[in-house]
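A short write-up of the structure that comes next.
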Amino acid sequence: MGYKAVITNKYLMEEIEYQDKAFPIFLCEDYFDEYLNGEVEYHWHNDFEFGIVLKGEVKYFIHQGAADQECEILKVGDGVFVNSKSLHRMVQTEPRTVLFNFVLPSDFFVFLPLGEVHQKSVLPVIQSPAAGLFLKKGEEEHQPLLECIAKMHGLSRENPGYELQCIELICRLWRKLLKLIASMKELPSISRAERLQEQRLRTMLSYIHAHYSENLSIDSLIQAANISRSECFRCFRAVIGKTPSEYLCQYRLSQAAYFLTYTDRTLSDICYSCGFKNMSYFGKLFRESWGMSPGQYRKTGGRAEEPNISQESMRAPGE
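In structure tokens form, the structure reads like this:
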């Protein structure tokens with residue numbers, strides 16, 4: 100099992116890549132200073148995610164449905180649970196914020212000789228209306244979960260019986276989670292239409308993340324999700340708060356900034372591989388967004404001013 104510090108937009112991938120397929124647990128520390136503007140944009144995965152704030156402060160967003168959004172400021176010692184397929188994003192509100200996460204596949208218990216546990220104890224969580232939970236260190240009922248997450252962070256691979264310790268903690272954590280969700284009297288009611296709209300958005304975001312370097316159009320998005328043009332725009336506005344073109348352009352610029360910071364690829368290679376059609380247009384959008392040219396951004400190591408992405412700069416290349 101691998102332990103790594105995530106300093107890129109790893110979680111924009113729909114699928115978590117587990118280093119050890121036989122024991123699929125993903126551990127990471129998110130150092131928000133290493134993300135553009137200290138922000139991890141909207142993403143989702145089929146997996147369960149648990150986290151606890153180690154340093155600083157983070158503003159965490161979890162979508163309970165297509166239009167409903169839960170938001171909480173998490174301080175040191177506070178934690179979070181994100182259910183399978185739930186859209187979420189986070190942004191630090193203090194510099195040098197660090198968040199420990201560990202991620203489990205939704206069928207984790209099926210890998211163990213505990214298949215019946217999946218039916219009785221895992222599916223009820225997946226099928227519950229709760230997209231996630233904010234775990235506050237001041238709340239007594241949250242303490243058992245926070246303690247388990249903190250102990251996961253403290254485990255060392257060098258410990259004898261390390262894998263057994265992980266399984267023990269995960270089983271204890273899941274039992275506490277199941278009990279907490281079962282005790283909640285007012286869970287959000289999400290309609291079938293809202294679930295469908297969020298599912299369509301996930302399909303379109305996944306398509307953008309996979310094909311952003313290509314000549315994307317609205318037509319390609321609506322074909323991928325098998326929806327109308329108007330429904331496409333409704334989905335983006337309801338959840339992301341942007342048009343599809345705005346989101347696509349922002350995603351391309353984020354990828355370009357990442358390549359400028361962490362690779363030695365040429366400016367022209369980055370420009371065209373991120374879906375921009377010419378260098379001058381790419382440079383114009385980049386300066387409008389980050390307050391400096393791509394070359395300056397590379398020289399300063401990505402230390403740009405707060406982005407100011409205008410409606411004009413949000414138009415996708417070619418539109």
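All residue numbers for the sequence shown refer to the working numbering, where the first residue is 100 and numbers rise by one.
Don't be surprised by glycine CBs; every beta carbon is placed ideally from N, CA and C.
If you draw a straight line from the Cα of residue 158 to the Cα of residue 323, it comes to about 32 Å. Nearest Cα to residue 304 within the set 153, 350, 370, 282: 350. Leaving aside the five residues that flank residue 149 on each side, the residues in its chain whose CB is nearer than 6 Å to its CB run, in chain order, 180, 201, 248. Across the structure, residue 174 and residue 242 are spaced so that their CA atoms are roughly 14 Å apart.
Annotation note: the stretch 344-397 contains the following uninterrupted alpha helix (DSSP H) runs of length 4 or greater, listed N- to C-terminal: 366-372, 378-389.
With respect to residue 254, residue 265 sits close: the two C-beta atoms are nearer than 9 Å. Residue pairing by DSSP places residue 181 opposite 148, 231 in a beta bridge. The alpha-carbon of residue 228 is positioned some 37 Å away from that of residue 388. By the Cβ-count criterion, residue 172 is exposed, with fewer than 16 other Cβ atoms from all chains shown falling within 10 Å of its own Cβ. Judged by their CB atoms, residue 195 and residue 155 are nearer to each other than the 9 Å cut-off.
For residue 158, the enclosing beta strand (DSSP E) stretches over residues 156-162.
For residue 252 against residue 207, the beta-carbon gap comes to about 18 Å, at or over 8 Å, which does not count as contact. Residue 258 and residue 278 have their C-alpha atoms roughly 30 Å apart. The shortest C-alpha to C-alpha distance from residue 192 to any of 239, 138, 161, 125 is the one to 138. When 197, 380, 121 are compared, the shortest CA-CA separation from residue 132 is found for 197. Going by C-alpha positions, residue 219 is about 45 Å away from residue 361. Around the beta carbon of residue 182, 16 or more other beta carbons lie within 10 angstroms, which makes this residue buried.
Annotated as proximal: residue 142 and residue 188, with beta-carbon spacing under 9 Å. By the beta-carbon neighbour count (other beta carbons within 10 angstroms, threshold 16), residue 344 is buried.
In terms of Cα proximity to residue 301, the closest of 223, 244, 283, 320 is 320.
Under the DSSP assignment, residue 311 falls outside any alpha helix (DSSP H); it carries neither an H nor an E label. Taking the C-beta atoms as reference points, residue 245 is found nearer than 9 Å to residue 177. Across the set 354, 381, 316, the C-alpha of 381 shows the shortest separation from the C-alpha of residue 367.
DSSP, reduced to helix, strand and coil, places residue 140 within a strand of the structure shown.
In the DSSP assignment, residue 191 is bridged to 157. Leaving aside the five residues that flank residue 377 on each side, the residues in its chain whose CB is nearer than 8 Å to its CB run, in chain order, 370. Its chain contains 160 as the residues whose beta carbon lies nearer than 6 Å to that of residue 170, once the 5 sequence neighbours on both sides are disregarded; these appear in chain order. Distance from the Cα of residue 153 is smallest, within the candidate group 398, 127, 134, 136, for 127. In the DSSP assignment, residue 170 is bridged to 160. Per DSSP, residue 268 is one residue of the alpha helix (DSSP H) stretching across 261-282.
Judged by DSSP secondary structure, residue 252 falls within the alpha helix (DSSP H) whose first and last residues are 242-253.
Residue 327 carries a coil assignment under DSSP once its states are collapsed to helix, strand and coil.
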